[in-house]
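Trainee: Residue numbering for the sequence shown follows UniProt numbering, beginning at 1 and increasing consecutively. Cβ coordinates follow ideal geometry from the N, Cα and C atoms, glycine included. Quantities reported herein were computed from a predicted structural model and do not represent experimental measurements. The structure is given below, and queries will be raised subsequently.
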Amino acid sequence: MKKGQKKQTKENRHSMSMGKRLKKNWQLYIFLLPALAGLILFSYVPMYGIQLAFRDYNPLRGIMGSPWVGFENFTRFFHSPQFQNLLINTLAISFYSLIVGFPIPIILALGLNYVANLRFKKAVQSITYAPYFISTVVLVGILNIFLSTDGGLINQLVKFFGRDPILFMGQSRFWRHIYVWSGVWQSMGWNAVIYIATLAGVSAEMHEAATIDGATKFQRVFWIDLPMILPTIVITLILSCGSIMGIGFEKAYLMQNPLNLGVSEIISTYIYKIGLVNSEYGFSTAVGLFNSVVNCIVLLTVNQAAKRISKTSLW
1 MKKGQKKQTK ENRHSMSMGK RLKKNWQLYI FLLPALAGLI LFSYVPMYGI
51 QLAFRDYNPL RGIMGSPWVG FENFTRFFHS PQFQNLLINT LAISFYSLIV
101 GFPIPIILAL GLNYVANLRF KKAVQSITYA PYFISTVVLV GILNIFLSTD
151 GGLINQLVKF FGRDPILFMG QSRFWRHIYV WSGVWQSMGW NAVIYIATLA
201 GVSAEMHEAA TIDGATKFQR VFWIDLPMIL PTIVITLILS CGSIMGIGFE
251 KAYLMQNPLN LGVSEIISTY IYKIGLVNSE YGFSTAVGLF NSVVNCIVLL
301 TVNQAAKRIS KTSLW
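Right under this line is the structure:
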């Protein structure tokens, strides 16, 4: 088809009204209805409860019957003694996890891509992939057993070198490292899969041509592989930044004890304690809404920055 004909077809498609397009392709739009209904039912209808953040919720009066308090719940959170500590703890763990946990799957995928022994490659993939399926409860149980002062493997090694046993889970200076590195161990194999799949699509002829030209493996990684997976890296980075305040509740809560509470109390655990334990539903909803708004702002900012710098973005 000639360029002029393509342009004319495009203009005709744009000039067609919405009604005509629906009428012409109604069979295709019917397939969209179940997904659209599910999206509305499970994603948008529950947003009705957001108004709890602006009410002094009383279960006996219901959502609409509870008194409207405006931004009082937000003001109370911002002026609470815990606000600064919660924000610092949440951001510290998030940035630590992002800085450490984001590049390791990329390095793992690039390394596995150059392994010639397929049996060894599959073994490494399986070993690094398997921890992802361990539940959070079991993972924290394993950590407690390994780090226990009463026969734990790590403390046995500490004793072997003539040192006294260390109460790892009771010392604040160890807590963040245990949280982040155990998360890296659990998720690096799973996160590497998407990069391995992308690298599998890189043309072998490009590597052969580079090898003939005398390029080393490092040069091939830097000039061929990294540019090819760069859009994937950017997208995953944007998604990771978009959940910068959304640290999972379960693991942090299960790893908490009174000795490490100064660094382990984060916004998600605070929401659970205030909302479900103390039954302050309005206040906990306000804290959760603040968390979501910050995540949304970070996502939009990083997406816009990525669009300008690398021409890759979510939309």
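(1) Would you identify the three-state DSSP class for Arg76, choosing helix, strand or coil?
(2) To the nearest angstrom, how far is it from the Cα of Ser135 to the Cα of Leu22?
(3) Going by CA-CA distance only, name the one from Trp190, Gly49, Phe133 that's closest to residue 317.
(4) Count Cβ pairs between the region 53-67 and the region 280-290 that sit closer than 8 Å; are there 3 or more?
(5) Between Thr128 and Ala192, which are expected to be in contact by the criterion C-beta below 8 Å, what is the C-beta distance as a whole number of angstroms?
(6) By Cβ distance, which residues of its chain are closer than 6 Å to Gly152, with the 5 residues on each side in sequence left out?
(7) Tell me the residue span of the alpha helix (DSSP H) that contains Gln256.
(8) Check Trp68 in the structure and name its three-state DSSP category.
(9) Can you give me the Cβ contacts of Val100 inside the same chain, cut-off strictly under 8 Å, excluding the 5 residues immediately before and after it?
(10) Pull up the distance between the alpha-carbon of Leu112 and that of Phe95, whole angstroms please.
(11) Taking its Cβ as the centre, do 16 or more other Cβ atoms sit within 10 Å of Ile233, making it buried, or is it exposed?
(12) To the nearest angstrom, how far is it from the Cα of Pro103 to the Cα of Trp26?
(13) Between the region 76-91 and the region 155-170, can you find at least three pairs of beta-carbon atoms closer than 8 Å?
(14) Kindly provide the ranges of any alpha helix (DSSP H) runs that are 4 or more residues long and lie completely inside the region 72-156, ordered along the chain.
(15) Spatial neighbours of Met188 within its chain, please: C-beta separation below 8 Å, excluding the five flanking residues on both sides.
(16) Tell me the DSSP secondary structure of Arg176 in three-state form.
(17) Would you report the Cα separation of Leu199 and Val138, rounded to the nearest angstrom?
(18) Are there 16 or more other CB atoms within 10 angstroms of the CB of Lys251, so buried, or fewer, so exposed?
(19) For Gly70, which option in Gln84, Ile194, Leu52, Pro81 has the closest C-alpha, if you only look at C-alpha atoms?
(20) Going by DSSP, which residues form a beta bridge with Arg55?
(21) How would you call Thr211, buried or exposed, if buried means at least 16 neighbouring beta carbons within 10 angstroms?
(22) What is the DSSP secondary structure of Gly214, counted as helix, strand or coil?
(23) With Met47 as the anchor, note down where its alpha helix (DSSP H) starts and where it stops.
(24) DSSP on Val277, reduced to helix/strand/coil?
(25) So, are the CB atoms of Ile235 and Val202 less than 8 Å apart?
(26) For Leu314, which option in Pro231, Phe168, Ala209 has the closest C-alpha, if you only look at C-alpha atoms?
(27) When the Cα of Ser292 is compared with those of Asn278, Ser268, Phe168, which residue comes out closest?
(28) Do Ile247 and Ile266 count as a contact pair if the criterion is CB distance below 8 Å?
(29) Classify Met255 as buried or exposed, calling it buried when 16 or more other Cβ atoms lie within 10 Å of its own Cβ.
(30) Buried or exposed: Trp68, going by 16 or more other Cβ atoms within 10 Å of its Cβ?
(31) For the alpha helix (DSSP H) holding Ile244, just list the boundary residues, first then last.
(32) Could you tell me the alpha carbon to alpha carbon distance between Asn144 and Gly262, rounded to whole angstroms?
(33) Hey, out of Val287, Gly275, Met245, whose CA is closest to Leu299's CA?
Mentor: For this structure:
(1) For the purposes of this step, residue 76 is taken as residue 76 along the sequence shown, with counting starting at 1. In the structure shown, Arg76 sits in a helix (DSSP, three-state: H, G or I).
(2) As a working note, residue 135 is residue 135 in the sequence shown. As a working note, residue 22 is residue 22 in the sequence shown. So the alpha carbons of these two residues sit roughly 46 Å apart.
(3) Outside the shown range of the chain, which is 1 to 315, sits residue 317, and nothing can be said about it.
(4) yes
(5) Along the sequence shown, one-based indexing puts residue 128 at 128. Along the sequence shown, one-based indexing puts residue 192 at 192. With a Cβ gap of about 7 Å, Thr128 and Ala192 count as contacting.
(6) Counting from 1 along the sequence shown, the entry for residue 152 is found at position 152. Contacts found: Phe146.
(7) As a first step, residue 256 is located in the sequence shown; it is residue number 256 there, counting from the start. No alpha helix (DSSP H) contains Gln256, which DSSP labels as neither H nor E.
(8) Position 68 of the sequence shown, counting from 1, holds the residue named residue 68. Trp68 falls in the strand class under three-state DSSP.
(9) Residue 100 sits at position 100 when you count from the first residue of the sequence shown. Cβ neighbours of Val100 beyond the five flanking positions: Val180, Trp181, Val184.
(10) Here residue 112 refers to the residue found at position 112 of the sequence shown. Here residue 95 refers to the residue found at position 95 of the sequence shown. If I take the Cα positions, the gap works out to 26 Å.
(11) Start at 1 with the first residue of the sequence shown, and residue 233 comes out as number 233. That one is buried.
(12) Numbered from 1 along the sequence shown, position 103 holds the residue referred to as residue 103. Numbered from 1 along the sequence shown, position 26 holds the residue referred to as residue 26. Between Pro103 and Trp26, the C-alpha separation is close to 45 Å.
(13) no
(14) 72-78, 82-101, 103-113, 118-129, 136-146
(15) Looking up residue 188 in the sequence shown gives position 188. Once the five neighbours on either side are set aside, the close Cβ partners of Met188 are Gly101, Ile104, Pro105, Leu108, Thr128.
(16) Numbered from 1 along the sequence shown, position 176 holds the residue referred to as residue 176. If DSSP states are grouped into helix, strand and coil, Arg176 belongs with the helices.
(17) In the sequence shown, counting from the first residue as 1, residue 199 sits at position 199. In the sequence shown, counting from the first residue as 1, residue 138 sits at position 138. If you take the alpha carbons of Leu199 and Val138, they lie about 33 Å apart.
(18) In the sequence shown, the residue the question calls residue 251 occupies position 251. Lys251 should be labelled buried.
(19) Here residue 70 is taken as the residue at index 70 of the sequence shown, counted from 1. Answer by Cα proximity: Leu52.
(20) On the sequence shown, position 55 is the one that residue 55 refers to. The partner list for Arg55 (beta bridge, DSSP) reads Trp68.
(21) Indexing the sequence shown from 1 puts residue 211 at position 211. Result: exposed.
(22) Translated into the one-based positions of the sequence shown, residue 214 becomes position 214. Of the three classes helix, strand and coil, the one that applies to Gly214 here is coil, per DSSP.
(23) Working through the sequence shown from its first residue, we reach residue 47 at position 47. Taken as a continuous stretch (DSSP letters only), Met47 belongs to no alpha helix (DSSP H), as it is neither H nor E.
(24) For this step, residue 277 is matched to residue 277 along the sequence shown. Helix at Val277.
(25) Walking along the sequence shown from the start, residue 235 turns up at place 235. Walking along the sequence shown from the start, residue 202 turns up at place 202. It is not a contact, given that the beta carbons lie outside the stated cut-off.
(26) Stepping through the sequence shown from its first residue, residue 314 is reached at position 314. Looking at the Cα atoms, Pro231 is the closest of the given residues.
(27) Sequence index remark: in the sequence shown, residue 292 carries index 292 (1-based). Ranking the options by Cα distance to Ser292, first place goes to Ser268.
(28) The count along the sequence shown starts at 1 and reaches residue 266 at position 266. The count along the sequence shown starts at 1 and reaches residue 247 at position 247. Going by C-beta atoms, Ile266 is nearer than 8 Å to Ile247.
(29) Position 255 of the sequence shown, counted from the first residue, corresponds to residue 255. Classification of Met255: buried, given that the 10 Å Cβ count is 16 or more.
(30) Stepping through the sequence shown from its first residue, residue 68 is reached at position 68. Counting Cβ neighbours within 10 Å, Trp68 comes out exposed, since fewer than 16 surround it.
(31) Start at 1 with the first residue of the sequence shown, and residue 244 comes out as number 244. Careful: Ile244 lies outside any alpha helix (DSSP H) and carries neither H nor E.
(32) Residue 144 sits at position 144 when you count from the first residue of the sequence shown. Residue 262 sits at position 262 when you count from the first residue of the sequence shown. Each residue's Cα considered, the two are about 19 Å apart.
(33) Position 299 of the sequence shown, counting from 1, holds the residue named residue 299. Per the Cα distances, Met245.
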